[in-house]
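Novice: According to numbering that gives the first Met the number 0, the stretch in the sequence shown is residues 0 to 587, in order. Pasting in a structure now, in structure tokens, and then I'll have a few things to ask.
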Amino acid sequence: MYLVLTQRGDEVVVTSVPESGNTSGPASTTGPHPARVIRLHDLPGYVSEREQAAAEPSRWVWDSTARWYPRLLAAGVRVERCIDLALSRTILRASALTAHSDYARAPDDPAWNTLLADVAQSPVAPTPVHLTQALFEFDPVPAAPGAASERDPVRELRAQQQSVASSPDANRIRLLLAAESAGALVAAELKFAGLPWRTDVHDRLLTDLLGERAPHGSRPAKMEALAARVRDGLGAPALNPDSQGELLKALQRAGLQVTSTRAWELRELEHPAIAPLLEYKKLSRLLAANGWTWMEQWIADGRFHADYVPGGVVTGRWATNGGGAMQLPKQIRGAVVADPGWKLVVADAAQLEPRVLAGLAGDLAMAEAGRGRDLYDGIVSSGAVDTRPHAKVAMLGAMYGATTGDSARLVPRLARAYPRAIALVERAAREGERGEIVTSRLGRSSPRPGAAWRQSQAKAAEPDATAAEERAARSRARDWGRFTRNFVVQASAAEWALCWMADLRRRLAAIEVDGAAAGRAAVPFDRSPHLAFFLHDEVIVHSPAAVAAAVADEVRAAACAAGKLLFGDFPVQFPLSVAIVDSYAEAK
0 MYLVLTQRGD EVVVTSVPES GNTSGPASTT GPHPARVIRL HDLPGYVSER EQAAAEPSRW
60 VWDSTARWYP RLLAAGVRVE RCIDLALSRT ILRASALTAH SDYARAPDDP AWNTLLADVA
120 QSPVAPTPVH LTQALFEFDP VPAAPGAASE RDPVRELRAQ QQSVASSPDA NRIRLLLAAE
180 SAGALVAAEL KFAGLPWRTD VHDRLLTDLL GERAPHGSRP AKMEALAARV RDGLGAPALN
240 PDSQGELLKA LQRAGLQVTS TRAWELRELE HPAIAPLLEY KKLSRLLAAN GWTWMEQWIA
300 DGRFHADYVP GGVVTGRWAT NGGGAMQLPK QIRGAVVADP GWKLVVADAA QLEPRVLAGL
360 AGDLAMAEAG RGRDLYDGIV SSGAVDTRPH AKVAMLGAMY GATTGDSARL VPRLARAYPR
420 AIALVERAAR EGERGEIVTS RLGRSSPRPG AAWRQSQAKA AEPDATAAEE RAARSRARDW
480 GRFTRNFVVQ ASAAEWALCW MADLRRRLAA IEVDGAAAGR AAVPFDRSPH LAFFLHDEVI
540 VHSPAAVAAA VADEVRAAAC AAGKLLFGDF PVQFPLSVAI VDSYAEAK
């Protein structure tokens, strides 16, 4: 049963819609489906009762998980399943699998189109909801005046159902929508539960690396010492090494032929100032991205509450709303420490994107290369290339469209060894070069190139086009082809990760924990294993120590299940590196 939530002021209309019901006819909240009106502050209790009483849990339907679910979590209520209409709308309106439907061809609806932007642009302050005084003063996401009242979730649900039902690949797109909605639940829970974080350890790590914290506007001692060495080496006593303009001029005055201050270019130089400059830049990035100011802003109640944005990247990968959860540097991972009596179960998928490529292409040879071992080692064993680094470079070149260096030289060898896999990405690239869209395993489609791209191609096709215009058009076409080449792989890998987390979330909820020491996460995650962190192909589960081994088994089982969901019986494996540790730093 679908239970559709519609906010009307301080009340919520709960409309029951059978999952197998008729999706034709007029869609309206005043239709034949039974509805119940409850007070907003009574919603957590109502949801909790439904979750606990139903033999088969209901599927909650709402305009946006980011609007509704955090407040339910704040009241200690966890839901098993949902449909996120806004995320589903984004997929269905763009997918090649539903492009023919009236839903996809309908005019834009501003009330819905602005919702995801409202959520993505919500304040980044990390203070967890459960620390606020008003647990259910429900106005979680600011919206344009009248926007919420203009959105009709029941009508939207029925329109989406019709669009899916009309698709020739309904099962594919249906699985994607379910995975995307489950991912939205995971994202909200990750932020709410948080990643355990020891600020005392973080402070010690920063002090060891940077020196004692300096007053605002000053550099820590070790950074200031490095800055002094750079000034001395370049003969620029007043140089501010944080100013890219000043630094570039100082390097050039010192006789160094550089066009930028990028680290890769600086590494090519031999000069006494380069080594301290590279070290300074590395420490400066750490201070800016994860220094003391970051710690004060993002760590609350002993937790890092990462603000994830599901589907925040066009390929379906997640983004973050500040905080840098997608790039926690190794220097500070020692601050991620399990609560007393608990463990961190850290798992990451080995060579995820190449393995996904093997499944997409149905390339048995590539699947066999990764069977029971490191895929790159398997490629070497096949004779395609001579070393593991070359195997990795070649594979990345194939997936990202490298045209120079070792990658370009080695890709033809991969094409001979794994013709189906390489043909798939090459075909995706050619389609992109023609301005066509490509589609992931489950149905997420790439956007079409923009107006500037189309104008460039049209201009180059005119009889009087100049050689420069033709070169520019070819360059733009190749660039877009590199995007579509990678899109099919990255988007499908993101779908695998969603299915992995969704199944793991379900498995973790089923693990019984007796007598575990209470963790410091808020209810309902204080006594049960739960997802605490996600990074593309890696997860961290925070688990009572007594069940950590069982959690590790379920993490592996969920990865296997995700592979079968996407690729059925095709023999591609998704092995994991799994570690049960006290600190994140111990897992690497």
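Note that beta-carbon positions come from the ideal geometry of N, C-alpha and C, so glycine has one too.
Beta-carbon separation of ALA560 and ASP502 under 8 Å?
Specialist: Closer than 8 Å, so yes.
Novice: Taking the DSSP output, what are the residues bridged to SER444?
Specialist: Answer is THR438, bridged to SER444.
Novice: Give me the Cα-Cα distance between LEU395 and VAL424, rounded to the nearest whole angstrom.
Specialist: LEU395 and VAL424: Cα-Cα distance of roughly 11 Å.
Novice: Between LYS281 and ASP241, what straight-line distance do the alpha-carbon atoms span, to the nearest angstrom?
Specialist: Near 12 Å, if we compare the C-alpha coordinates of ASP241 and LYS281.
Novice: In terms of alpha-carbon separation, which member of ALA471, LEU246, ARG484 and ALA466 lies closest to ARG429?
Specialist: When only C-alpha atoms are compared, the closest one is ARG484.
Novice: Taking only the alpha-carbon atoms, compute the straight-line gap between ALA192 and GLU432 and give it to the nearest angstrom.
Specialist: If I take the Cα positions, the gap works out to 44 Å.
Novice: Let me make sure I understand the geometry here. Which of ALA558, ILE82, ASP581 and VAL538 has the alpha-carbon closest to that of TRP499?
Specialist: Of ALA558, ILE82, ASP581 and VAL538, the residue nearest in Cα terms is ALA558.
Novice: With the cut-off set at 8 Å, would you say PRO69 and HIS541 are in Cβ contact?
Specialist: Not in contact: PRO69 and HIS541 (Cβ atoms no closer than 8 Å).
Novice: Can you check DSSP and say which residues form a bridge with CYS81?
Specialist: The partner list for CYS81 (beta bridge, DSSP) reads TRP59.
Novice: Tell me whether the beta-carbon of ASP83 lies closer than 8 Å to the beta-carbon of SER180.
Specialist: Closer than 8 Å, so yes.
Novice: So the candidates are LEU276, ALA183 and PRO167; which of them puts its Cα closest to the Cα of LYS221?
Specialist: For the residues LEU276, ALA183 and PRO167, the minimum Cα distance to LYS221 belongs to LEU276.
Novice: With ALA346 as the anchor, note down where its beta strand (DSSP E) starts and where it stops.
Specialist: Counting along the chain, the beta strand (DSSP E) containing ALA346 begins and ends at 341-348.
Novice: Taking the DSSP output, what are the residues bridged to SER283?
Specialist: Paired residues: none, contrary to the question.
Novice: Residues bridged to THR5 by DSSP?
Specialist: Per DSSP, VAL12.
Novice: Go ahead and pull the three-state DSSP assignment for PRO33.
Specialist: In the structure shown, PRO33 sits in coil (DSSP, three-state: anything other than H, G, I, E or B).
Novice: Report yes or no: do the stretch 366-380 and the stretch 567-583 share at least 3 C-beta pairs separated by less than 8 Å?
Specialist: Touching, yes.
Novice: Measuring alpha carbon to alpha carbon, tell me which of ALA110, THR319, ALA531 and ASP9 ends up nearest SER338.
Specialist: The sequence shown places Asp at residue 338, rather than the Ser named in the question. Looking at the Cα atoms, ALA531 is the closest of the given residues.
Novice: According to DSSP, which residues form a beta bridge with THR465?
Specialist: In the DSSP output, where bridge partners are listed per residue, THR465 has none listed.
Novice: Please name the residue in ARG419, ASP41 and ARG526 whose C-alpha comes closest to that of GLY340.
Specialist: If we check each option's Cα against that of GLY340, ARG526 comes out closest.
Novice: Could you tell me which whole beta strand (DSSP E) segments of length 3 or greater appear in the stretch 498-546?
Specialist: With a minimum length of 3 residues, the continuous beta strand (DSSP E) runs that stay inside the stretch 498-546 are 529-533 and 537-543.
Novice: Provide the residue span of the beta strand (DSSP E) that contains ALA578, from first to last.
Specialist: Here the beta strand (DSSP E) through ALA578 covers 575-580.
Novice: Could you spell out where the alpha helix (DSSP H) holding PHE191 opens and where it closes?
Specialist: From DSSP, the alpha helix (DSSP H) with PHE191 extends over 169-192.
Novice: With DSSP collapsed to three states, give me the class of LYS587.
Specialist: Note: LYS587 maps to coil in three-state DSSP.
Novice: What three-state label does DSSP hand PRO195 in the structure shown?
Specialist: It is a strand residue.
Novice: Which partner residues of THR483 appear in the DSSP bridge assignment?
Specialist: In the DSSP output, where bridge partners are listed per residue, THR483 has none listed.
Novice: Short check: CB of VAL336 to CB of ASP581, under 8 Å?
Specialist: Yes; because the gap between Cβ atoms is below 8 Å, this pair is in contact.
Novice: Tell me, please, whether the stretch 412-421 touches the stretch 462-478 by the rule of three or more beta-carbon pairs shorter than 8 Å.
Specialist: Counting Cβ pairs under 8 Å, fewer than three are found: no touch.
Novice: Tell me the DSSP secondary structure of PHE569 in three-state form.
Specialist: Coil, per DSSP.
Novice: Please classify ASP536 as buried or exposed, where buried requires at least 16 neighbouring CB atoms within 10 angstroms.
Specialist: So ASP536 ends up on the buried side.
Novice: Would you kindly check if the distance between the Cβ of GLY322 and the Cβ of ASP306 is under 8 Å?
Specialist: Going by C-beta atoms, ASP306 is nearer than 8 Å to GLY322.
Novice: What is the DSSP secondary structure of TYR307, counted as helix, strand or coil?
Specialist: The answer is strand: DSSP assigns TYR307 an E or B state.
Novice: Looking at ARG332: is its Cβ nearer than 8 Å to the Cβ of ALA584?
Specialist: Yes, these two residues count as a Cβ contact at 8 Å.
Novice: TYR1 to LEU96, Cα distance in whole Å?
Specialist: Whole-angstrom Cα-Cα distance: 24 Å.
Novice: Could you tell me which whole alpha helix (DSSP H) segments of length 4 or greater appear in the stretch 191-235?
Specialist: The qualifying runs are 198-209 and 220-233.
Novice: The alpha helix (DSSP H) with ALA366 in it runs from where to where?
Specialist: It spans 363-368 - the alpha helix (DSSP H) in which ALA366 sits, taken as one unbroken run.
Novice: Within the same chain, show all residues whose beta-carbon is closer than 8 Å to that of GLU494, passing over the 5 residues directly before and after it, in chain order.
Specialist: These residues qualify, in order along the chain: LEU175, ALA178, GLY315, SER439, ARG440, LEU441, ARG443 and LEU565.
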